[in-house]
Amino acid sequence: MQPPETDFGDDIAVPAAVTMLAAGRPLTPIWRNVLGGLTYRIGTDYFVKFAPRGSDLPLRNEAGRLAWAASYTPVPEVVSSGADDTGEWLVTKAINGWSAVDKRWDKATAVTAIATGLKELHNGVPVKECPFDWSVERRLEKVDRDKIGNPPAIDRLVVCHGDPCAPNTLLGPDGRWVAHVDMAALGVADRWADLAVASYSLSWNYGDGWEELFFATYGIAPDPERIAYYRLLWDLG
Ligand SMILES: Nc1ncnc2c1ncn2[C@@H]1O[C@H](COP(=O)(O)OP(=O)(O)OP(=O)(O)O)[C@@H](O)[C@H]1O
Ligand SMILES: [Mg+2]
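Just so we're aligned, residue 1 is where the sequence shown starts under the UniProt record's numbering, counting upward by one.
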């Protein structure tokens, strides 16, 4: 497997816990998120995510959600998770794929895979079995209600990804959707909570003009009211 695009390098010190988990295997820096969380590939077969203490990254939420979702949809298999005074970590088995923002993909291929993956997730994971909640009511507890009105009526409850931004979709060697990653917020919510943000993220990663392909591939007509509401909720959160 060819390495994915990396977005940080040797200038960031490898956390001691990550060095320990690697146990002498080579570490490839893969991703640094906006809150300071780091992802490395360990050798060829594993990934480790590390959230420094105080970064407020709910990695502990992710292991349980990945383990639950794995029965219904392709996600990384959890190998181990833990924490110490320096932070939290999560080790998963590597999926043979590359993020939708990897430079190897043309934009149409990436956007098609993102929409296909979201549809598979929404159709394939059973709402009634899901113990996790990403409801608008719960999310509204954490935002200033004066800045956002009452939520639109629920269109359809599904198991949402919860962080459906482009980098969290993986494409396989054939350029098709292969799995989702980054599921710390997975839970039951209106499908528009995901659709609004997934389509929002296209402009951040690919520029304007990709929403039509996204909604056509998913197979739904854009709903301007729900899209605007859930984008504002995302921005406020
Ligand atoms: N098991 C895995 N197999 C393949 N690739 C993986 C795996 N785990 C993580 N990755 C890669 O590492 C990247 C970062 O992982 P992830 O999205 O879970 O981290 P994050 O820091 O929570 O991201 P965000 O910036 O969205 O908060 C992913 O976009 C993906 O490219
Ligand atoms: Mg991510």
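Every residue gets a Cβ at the ideal spot worked out from N, C-alpha and C, and that includes glycine.
Only a predicted model underlies this, so the values are computations on that prediction, with no experimental measurement involved.
Taking the straight line between their C-alpha atoms, what separation do you get for A189 and P151? 12 Å
With DSSP run on the structure shown, which of helix, strand or coil describes I98? The sequence shown places Trp at residue 98, rather than the Ile named in the question. W98 falls in the strand class under three-state DSSP.
State whether the segment 55-72 contacts the segment 180-188, with contact taken as three or more CB pairs (one from each stretch) at a distance under 8 Å. yes
Using a threshold of 6 Å, is the CB atom of D45 nearer than that to any non-hydrogen atom of ligand 2? no
Grouping DSSP H, G and I as helix and E and B as strand, with all else coil, what is S80? strand
Any 3 or more C-beta pairs closer than 8 Å across the segment 165-173 and the segment 78-85: no
Provide the residue span of the beta strand (DSSP E) that contains R41, from first to last. L38 to I42
Buried/exposed call for G9, threshold 16 Cβ in 10 Å: exposed
Segment limits, alpha helix (DSSP H) that includes T109: K107 to G124
Using the C-alpha atoms, what's the distance from I148 back to L140? 9 Å
Indicate the three-state DSSP secondary structure (helix, strand or coil) for A67 in the structure shown. helix
Going by other Cβ atoms of all chains shown within 10 Å of its Cβ, with 16 needed for buried, is A69 buried or exposed? buried
When a residue counts only if its C-beta is closer than 7 Å to some heavy atom of ligand 2, which residues count, in chain order? W31, N33, D163, C165, P167, N168, V181 and D182
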